[in-house]
Structures are given as C-alpha cells and as structure tokens.
Amino acid sequence: MARLSIGEFAQASGLTPKALRLYDELGLLPPADVDPRSGYRSYDRAQLGRAQLVASLRGLGMPLARIRIVCDLPPRSAAAEVASYWRQVEADTAARKELATFLVEQLSRKDTDMTRPPLELTLHSAARCDRGLVRETNDDAVHRGTHLFAVADGFGARPEDRAAGGVALQALAGQDAAVPPGNLLKALTCATAEAAESVRRRAGDGAGTTLTAMLWSGAQFALAHVGDSRAYLLRDGELTQLTHDHTYVRSLVDEGRLTEEEAATHPQRAKLVRALHGVEPTEPDLHLRTALPGDRYLLCTDGLHAVLTEQRLSGALRTTASPDEAVEHLAGLVHDAGAPDNLACVVLDTTAA
Ligand code: MN
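Residue numbers for the sequence shown follow the numbering used here, so the first one is 1 and each next one is one higher.
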C-alpha cells in the first residue's frame, strides 16, 4: 500500500502537520514509518480512521490523555467513555453558567448602587427526620448545620445499602464552613463530590441516595440536587419548586408522554434516573440563587412531597409562623395521611440581619 506523506495525511485527516508531530511525540498517533536518514514521516491510509477519531475528539475539547484512552478502547467501551466525558462537560458548563449569571447579576447591581453593602441575612431553621408509620427503618437523613442544609433518601436492597443517605450527609457535614459568595458553587461541588465518593465506597450495586443540599453565604446560596428529593421556595405567598425530579415519570411528563396527574399515581413514580450511586458517577444539578428577607425554603424527601399535594404543602408553609412550627405541622399532616414512607425536611427562613 502506498504510504502518505505527512502533508497528504494531514489533508486527508483534517489534522495539521504540527498536530501530527505532537501526536507522534505523545504516542497517540505514531507514523507507520520514519525515514532514519531524513526523519521524514509517512503514514498508512489505514491510520486515517484513528486520525479522524482524534480530530473529532479534539473538536469536542477532550484532553489528549483522555483521547489516547478512548482510541485504544473497543468501539462500545469508547462510546461509553465519550458519553461519560460529555456528561461531565455538560455538568461543568451548567455550573459555569450559574456562576456567569451570578456575576452578571452582581456586577450589574454594583453599577446601579455602589454604596449599598452586600445584603446580609440571618437564617432561622428547623429540621425533622422520622421513620413514618409503615417502614421498619429510617433511610432518610437530614443535616441542619450553620451554612449547609440537606436532605437525603437512601435506597438499596440491604439496610446497610439504604444507609447511603446518612453516609452522604455525614461526608457533606464535614464541609459545613463559611465560604465567600464567589466560591459557593465550587465549595458545594467539592462537598457533593466528597459525599458521592463516600457513597461509592460504602454502597453496593443498585444502592445509593438522593441528595438535595444548600450552602449559604450572606444572601447567596448554592443548591445541589440529584434524585427526587426537592427544594421549594415560598416567596410573597407563592410556592415554587426549585429542583427538577430525576425520575423516570418526570422525563415522560417532560416528553409529553404522561400528564402530571398520571405521573402522581404511576406505579413506577419512585424510579430514579439519577442519584448518587454505588457504581455510576453522577453530577448533581447546581444552581446559584440570591435570597430576599422573608423567604421561606423547604428541603424535603418524597416521604413528604409525594404524600401532601402542593396546595397543602403551600398552605402549611404559609400559615405557620416559625420554622419549628412549620416542620411539626408538616410532619403532623404526613402522619395523619398514614406516613407510608420515611420523611425528612428542613424549613429555613431568612430575615434581614
Ligand atoms: Mn423516600
């Protein structure tokens, strides 16, 4: 077979001769032959497939070290590796988008009001976590810290697997520290990665946990979410869900294949499409928000939101005074309804400092 010169090969593969020399040095794409006297590189036509794959992966922005791994894998494994890389990129981009939005918001505000100091808020919170009236164990967990608040709902076949929620929150609690607002997303990303790592070490196959966590700094908070626990905001009497359920039925509703009503009673309504798992790495959704004085936040597991309609939830949050009163009232309503699942919740109020 006729060999191609580096120039011809560059043209056929869409890579530059300079890139080809670099990939040769890295062992990523060595030429078929190098003339010992002239140092002249030549390539086989059969190497074009690999070269085009390298060019495409570079187009995705994949680092060279990772490209090398992908190129040496059989096609199916390579496909999984690309998919996993892309999930990571999307998660990173989402986190950066939140940061960009935050900076735009903050800088625009600076321009209009340079004299006002950054808003400080005081947080008032209460939490509750109980077994409910039917389950024999409590696999829900709650963390009510100084800056960090979270709920988790463990799942799995064995009790030690279902303890994944507690494992995640224990790891998370170690990161309950003051951080400047600009570092909130990064700090919470690190904290959830730590929690995910603890779950990976401890939970068996098919086991894992949901996680919905907020980390506060002044009037700003970062929110990390994976699974079907939820975060809500009650502002000016109106309840808004801040998180998106990572459930199978939610994706069917989003695709228009199921109505909200059908989803609420669907036999597979608890089936999760994303969670912190024993095996598969998952990136949580990340958000960055600015709170206002008078906001009320609720974090809760499905033991609460699947039992109470949004109307009752909103009514309970609107008509109770302190966070303590709110969590007790909510738990009471769930118990009155038979408390078929474990329940965990945090209610958090903000007031001007
Ligand atoms: Mn549950």
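We treat Cβ as the ideally placed atom computed from N, Cα and C, and that holds for glycine. Nothing here was measured: the structure is a model prediction, and the numbers come from that model.
Quick check: does the Cβ of T101 come within less than 7 Å of any heavy atom belonging to the ligand MN?
no
Chain-order list of residues whose beta-carbon lies under 6 Å from that of T192 (same chain, five-residue window excluded):
A224, P284
Hey, would you say the C-beta of A301 is under 7 Å away from at least one heavy atom of the ligand MN?
Note that residue 301 is Thr in the sequence shown, not Ala. It does: the Cβ of T301 is within 7 Å (strictly closer) of some heavy atom of the ligand MN.
Looking only at C-alpha atoms, which of L276, Y232, R250, P323 sits nearest to Q311?
Y232
Can you tell which of L313, R235, G303, K186 has the C-alpha that lies nearest to the C-alpha of D341?
G303
Between which two residues does the alpha helix (DSSP H) holding H329 run?
323 to 336
Reduced DSSP category for M114 - H, G, I as helix; E, B as strand; rest coil
Note that M114 has pLDDT 48, beneath the 50 cutoff, so the model's placement of it is unreliable and no number is given.
First and last residue of the beta strand (DSSP E) that includes R72?
The sequence given here places Asp at residue 72; Arg does not occur at that position. First-last for D72: undefined, no H or E at that position.
Between which residues of its own chain and T351 is the CB-CB distance below 6 Å, once the five residues before and five after are set aside?
T122, P293
Please go through the same chain and pick out, in chain order, the residues whose beta-carbon is closer than 7 Å to the beta-carbon of A291, but skip the five residues on each side of it.
L121, A219, F221, T350
Figure out for me which residue from Y297, A55, A12 has the closest Cα to the Cα of Y43.
A12
Give the range of the alpha helix (DSSP H) segment to which R135 is assigned.
From DSSP, R135 is part of no alpha helix (DSSP H); its letter is neither H nor E.
Determine whether the beta carbon atoms of G156 and A150 lie at a separation below 8 Å.
no
State the Cα-Cα distance for the pair L172 and T301, rounded to the nearest angstrom.
17 Å
Go through its chain and collect everything with a Cβ distance to S229's Cβ below 6 Å, but skip five positions before and after it.
V151, D153, T210, T212, T301
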